[in-house]
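Colleague: Protein sequence lines, in the order shown, are assigned to chains L and F. Take the first sequence: its position 71, counted from the start at 1, is 154 in my numbering, and no numbers get skipped. Take the second sequence: its position 36, counted from the start at 1, is 237 in my numbering, and no numbers get skipped. C-beta: ideal position from N, C-alpha, C; glycine also. A quick note: this is a predicted structure, and the numbers were derived from the prediction, not measured.
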Amino acid sequence: GAVVSQHPSRVICKSGTSVKIECRSLDFQATTMFWYRQFPKQSLMLMATSNEGSKATYEQGVEKDKFLINHASLTLSTLTVTSAHPEDSSFYICSASRRQVDYGYTFGSGTRLTVV
Amino acid sequence: AQSVTQLGSHVSVSEGALVLLRCNYSSSVPPYLFWYVQYPNQGLQLLLKYTSAATLVKGINGFEAEFKKSETSFHLTKPSAHMSDAAEYFCAVSESNSGYALNFGKGTSLLVTP
């Protein structure tokens, strides 16, 4: 149980285009989801926290107009990278909170974004 | 604000030897602490977590960690390393003051040699 499905796993897009990444909790309700970014050989950096039905809270230094996060339902959160540039190339990972259940978190398998 | 420090970005052990990965935390309130493992180009898998119950936490794959408040530590150990343990390990902390978002350490790359 407690599976989070993240799609796509890999995406290559042209500079200037937008890319949407989906994160679905398959068998539980995720009231809170977190989005992370991971550069090669580095740790995960929190980008934003999204609560179902409300606006996402972005970490300092993360452009909210560039990284659009939507959490319209208890099972789906999306991250859209708008007007992508090569420096946006990274590994993006979502995480759903199960705090009310067992203080745990379930992670998606990640999305490797390459902007060319 | 909470944070974790992982001492040693790379740790190398022989197969069958003790694994010890160090993690120290900083938190203004009682923290929740986690250890995750990540294989290349994959997401994170939970090894174990501390949520203010027993201070010695047993996880999957033979790993365990002990919460020591006096030392603000949560070191990860495994008695005997296996080749399949080679991966990246992350210690993480969450607390109520930060909306329970996980804050990760920089990670420790574990190499297991034959």
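#1: What three-state label does DSSP hand glycine 191 of chain L in the structure shown?
#2: Looking only at DSSP bridge pairs, what is leucine 277 of chain F linked to?
#3: Enumerate in chain order the residues of its own chain whose CB-to-CB distance from leucine 157 of chain L is below 8 Å, with the five nearest sequence positions on each side excluded.
#4: Return the bridge partner residues of glutamine 246 of chain F from the DSSP annotation.
#5: What residues in the stretch 183-199 of chain L have a beta carbon less than 9 Å from any beta carbon of chain F?
#6: Establish whether the CB of threonine 252 of chain F and some CB of chain L are separated by less than 9 Å.
#7: Can you tell me the Cα-Cα spacing of tyrosine 290 of chain F and serine 204 of chain F, whole angstroms?
#8: Using only the alpha-carbon positions, how far apart do phenylalanine 264 of chain F and methionine 130 of chain L sit?
#9: Between the Cα of serine 24 of chain L and those of L:Glu170, L:Gln125, L:Cys177, spot the shortest distance and give me the residue it belongs to.
#10: Taking only the alpha-carbon atoms, compute the straight-line gap between serine 101 of chain L and alanine 288 of chain F and give it to the nearest angstrom.
#11: Beta strand (DSSP E) containing phenylalanine 122 of chain L: first to last residue?
#12: Can you name, in chain order, every residue of its own chain whose Cβ lies under 6 Å from the Cβ of threonine 161 of chain L, other than the five neighbours on each side?
#13: Rounded to the nearest angstrom, how far is the Cβ of leucine 247 of chain F from that of valine 258 of chain F, given a contact under 8 Å?
#14: Spatial neighbours of glycine 217 of chain F within its chain, please: C-beta separation below 6 Å, excluding the five flanking residues on both sides.
#15: Quick one: Cα of tryptophan 118 of chain L to Cα of asparagine 304 of chain F, how far?
#16: I'd like to confirm the pairing. Which residues does DSSP put opposite isoleucine 95 of chain L in its beta bridges?
#17: Helix or strand or just coil, what does DSSP make of glutamate 105 of chain L?
#18: State the DSSP-derived secondary structure class of glutamate 289 of chain F, mapped to helix, strand or coil.
#19: Contact criterion: CB-CB distance below 9 Å. Does leucine 303 of chain F meet it with respect to chain L?
Modeller: On the basis of the supplied data:
#1: Coil.
#2: DSSP output for leucine 277 of chain F lists F:Leu222, F:Ala266 as bridge partner(s).
#3: A distance below 8 Å between beta-carbons, with the five flanking residues on each side excluded, links leucine 157 of chain L to the following residues of its chain, in chain order: Ser108, Gln112, Ala113, Thr114, Glu135.
#4: Paired residues: F:Val238.
#5: Taking 9 Å as the cut-off between beta carbons, the residues of the stretch 183-199 of chain L near chain F are Asp185, Tyr186, Gly187, Tyr188, Thr189, Phe190, Gly191, Ser192, Gly193, Arg195, in sequence order.
#6: With its beta carbon less than 9 Å from one in chain L, threonine 252 of chain F belongs to the interface.
#7: Rounded to whole angstroms, tyrosine 290 of chain F to serine 204 of chain F spans 16 Å at the Cα level.
#8: Across the structure, phenylalanine 264 of chain F and methionine 130 of chain L are spaced so that their CA atoms are roughly 29 Å apart.
#9: What the structure shows of chain L is the stretch from 84 to 199, and residue 24 of chain L is not part of that stretch, so it cannot be assessed.
#10: Each residue's Cα considered, the two are about 32 Å apart.
#11: Here phenylalanine 122 of chain L belongs to no beta strand (DSSP E), and DSSP marks it neither H nor E.
#12: Closer than 6 Å at Cβ, skipping near neighbours: Lys103, Glu105, Asn153.
#13: Wrong, their Cβ atoms sit about 11 Å apart, outside the cutoff.
#14: Result list for glycine 217 of chain F: Ser281, in chain order.
#15: The straight-line gap separating the alpha-carbon atoms of tryptophan 118 of chain L and asparagine 304 of chain F is approximately 12 Å.
#16: According to the DSSP secondary-structure assignment, isoleucine 95 of chain L is paired through a beta bridge with L:Thr197.
#17: DSSP places glutamate 105 of chain L in strand when its eight states are reduced to three.
#18: DSSP, read as helix, strand or coil, puts glutamate 289 of chain F in strand.
#19: Residue-level contact by beta carbon holds for leucine 303 of chain F and chain L, with a gap shorter than 9 Å.
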